[in-house]
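For reference, the structure is listed below as structure tokens.
Number of protein chains: 2
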Amino acid sequence: MSLVQLEYFVAIAEEGNIGRAAKRLHVSQPPLSRQLKSLEEELGTTLFARTTRGVELLPHGKQFLHHARRILAQVEEAKHSLGQPSDTDREAQ
Amino acid sequence: MSLVQLEYFVAIAEEGNIGRAAKRLHVSQPPLSRQLKSLEEELGTTLFARTTRGVELLPHGKQFLHHARRILAQVEEAKHSLGQPSDTDREAQ
DNA sequence: TCAAATTACGGTCGACGTAAGGATC
DNA sequence: GATCCTTACGTCGACCGTAATTTGA
Chain A
73 MSLVQLEYFV AIAEEGNIGR AAKRLHVSQP PLSRQLKSLE EELGTTLFAR
123 TTRGVELLPH GKQFLHHARR ILAQVEEAKH SLGQPSDTDR EAQ
Chain B
73 MSLVQLEYFV AIAEEGNIGR AAKRLHVSQP PLSRQLKSLE EELGTTLFAR
123 TTRGVELLPH GKQFLHHARR ILAQVEEAKH SLGQPSDTDR EAQ
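Protein chains in written order, with the working numbering: chain A, 73 to 165; chain B, 73 to 165.
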């Protein structure tokens with residue numbers, strides 16, 4: 073599992089559509105599809121049901137979404153906890 | 073930042089020595105040294121003081137260690153939460 | 001000189017993007 | 001046929017391990 077996979081997963085969950093998630097993340101669709109598949113295989117379960125409109129969270133997916141969001145939020149917190157300037161602050165110098 | 077970097081960082085912090093951490097992680101020393109440097113650069117701060125005996129946590133390092141451990145623990149929790157359905161996934165259907 | 005970290009370097013594995021291939025409506 | 005997701009395939013960057021270098025007691 074990687075943080076990128078979690079970011080991809082959350083984006084897909086929020087967009088309900090891999091194509092839109094890809095656009096939002098500024099990558100093409102295949103990487104998202106592949107990373108999602110890889111994540112599902114590692115977890116040993118299916119997170120989304122694939123539909124013709126896009127994808128839809130399954131119960132395991134909903135559950136995992138909470139974890140993923142919490143982890144990513146704490147990563148952000150960890151980054152900024154060192155009292156170091158944010159990206160925008162650093163640019164402003 | 074990657075989860076691997078966090079794992080390496082925690083191991084180095086606990087061993088106080090990159091060589092021992094490498095042995096524990098079953099990798100060679102250079103990857104740990106490189107990933108640590110990369111992490112420090114991304115965070116914009118130094119996490120360890122390098123000594124001839126090994127390395128020693130600096131204040132920023134101690135602070136970051138808490139975050140890293142919490143993140144890694146939650147990753148484990150996320151992985152295992154799907155195997156044994158917990159009560160946290162009881163929400164609006 | 002010893003022990004530890006770091007840097008150099010070559011090779012391998014992984015991830016991306018374009019393109020092609022299903023599947024469902 | 002249109003719109004998704006997925007698989008194929010070639011390329012490029014990232015990471016590893018061995019080896020060489022640096023640094024400090």
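For every residue, glycine included, the Cβ atom is placed at its ideal position computed from N, Cα and C.
query: Own chain, CB closer than 6 Å to G133/A, minus 5 neighbours either side, in chain order; result: L119 and F120
query: For E87/B and L144/B, believed in contact at Cβ under 8 Å, the rounded distance; result: In fact, because the Cβ distance is near 16 Å, the residues do not count as touching under 8 Å.
query: Candidates T124/B, R142/B and R125/B: closest to F81/B by CA position; result: R142/B
query: K151/B vs L108/A beta-carbon contact at 9 Å; result: no
query: Separation of H138/B from T124/B, as counted between CA atoms; result: 25 Å
query: Per-residue burial, S153/B [other beta carbons within 10 Å of its own, 16 or more giving buried]; result: buried
query: Partner residues on chain B for K151/A, Cβ-Cβ distance less than 9 Å; result: M73, E114, L115 and H139
query: Coarse secondary structure for R142/B, derived from DSSP in three states; result: helix
query: Boundaries of the alpha helix (DSSP H) in which V82/A is found, first to last residue; result: L75 to E87
query: Cβ of H132/A within 9 Å of any chain B Cβ; result: yes
query: Reference G126/B, options F136/B, E149/B, L104/B and A140/B, closest by Cα; result: L104/B
query: Neighbouring residues, chain A, relative to L111/B (Cβ below 8 Å); result: Per Cβ cutoff of 8 Å: no residues; L111/B is ~11 Å from chain A at best.
query: Proximal residues to Q77/B (C-beta, below 6 Å), its chain only, five neighbours per side dropped; result: Q107 and L111
query: Identity of the residue in Q135/B, A83/B and L75/B nearest G155/A by Cα; result: Q135/B
query: Closer than 9 Å to chain A by CB, V99/B; result: no
query: DSSP-derived helix/strand/coil call for L154/A; result: coil
query: Chain-order list of residues whose beta-carbon lies under 6 Å from that of A85/A (same chain, five-residue window excluded); result: L129 and L137
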